[in-house]
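Enquirer: Have a look at the structure that comes next, please.
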Amino acid sequence: MSQNAQNDSGYPGGQHYGGGSTPPPSADQYGFGSPAQQDSPSQPGAPVQQGYPQGYPQQGYQQGAPQQNPGRTMGIVGLILAFFPIANIAGLILSILGLRRSRRAGMSNVPAVVGIVVSILTIIGMIVGGILMGTVLSHIVEVCGDLGPGEHFVDGVTYTCG
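Residue 86 in the numbering used here is what sits at position 59 of the sequence shown, and the numbering runs on without skipping anything.
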């Protein structure tokens, strides 16, 4: 038979896996053993890895659990406290401490950053609100001091002074 000739199966050179001159590659060449080989450990007492071909690492917890962010809890608590008046100062402090702990561990801490921003904004809001409330109350006290006790109607506003 010549090199260009075809055998009875129709493949050139007899290169086929249906009984020709070259046998098919065994499953062992690719790291897949027969089911009997995979089910029995190679050494007595060795763990059996079923479902994974030999030579490939089993996926899972081989690298260990991911490192925990040491400041994440403080950042979350600081963020929650940032929304409450008076407690927002404690929220600012906890958020800053949580962010510092996370940065020292080389990690980011988004809840702590958001807690810092929200705390600062609510503290500024409380200061502005306090100034406005103080201004309004001082105006009312001044008007009542000028008008005296009783109900007074001035420029469309009713003042009740007592």
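Quick reminder that beta carbons are idealized off the backbone N, C-alpha and C, glycines included.
Since the structure is predicted, the reported quantities are computational estimates derived from the model, not experimental observations.
#1: Strictly by DSSP, which residues pair up with E178?
#2: Quick test of your reading: S129 and P93, contact by CB under 8 Å. State the CB separation rounded to the nearest angstrom.
#3: So, are the CB atoms of A4 and L126 less than 7 Å apart?
#4: Given a cut-off of 7 Å, decide if L106 and G152 are closer than it, judged by their beta-carbon atoms.
#5: Mind checking whether V163 and Y186 have CB atoms under 7 Å apart?
#6: For G142, which of helix, strand or coil comes out of DSSP?
#7: Select from Q95, V184 and G189 the residue whose C-alpha is nearest the C-alpha of G133.
#8: Restricting to Cα atoms, I'd like to know which of V137, I154 and C188 is closest to P176.
#9: Can you tell me whether I103 is buried or exposed? The criterion is at least 16 other CB atoms within 10 Å of its CB, across all chains shown.
#10: Among residues of its own chain, excluding the 5 on either side of V144, which ones have a beta-carbon nearer than 6 Å to its beta-carbon?
#11: What do you get for G157, buried or exposed, if any count of 16 or more other CB atoms within 10 angstroms of its CB means buried?
Expert: For this structure:
#1: T187
#2: Not a contact, Cβ separation roughly 14 Å.
#3: Outside the displayed range of the chain (28 to 189) lies residue 4, so it cannot be described from this structure.
#4: no
#5: no
#6: The answer is helix: DSSP assigns G142 an H, G or I state.
#7: Q95
#8: C188
#9: buried
#10: none
#11: exposed
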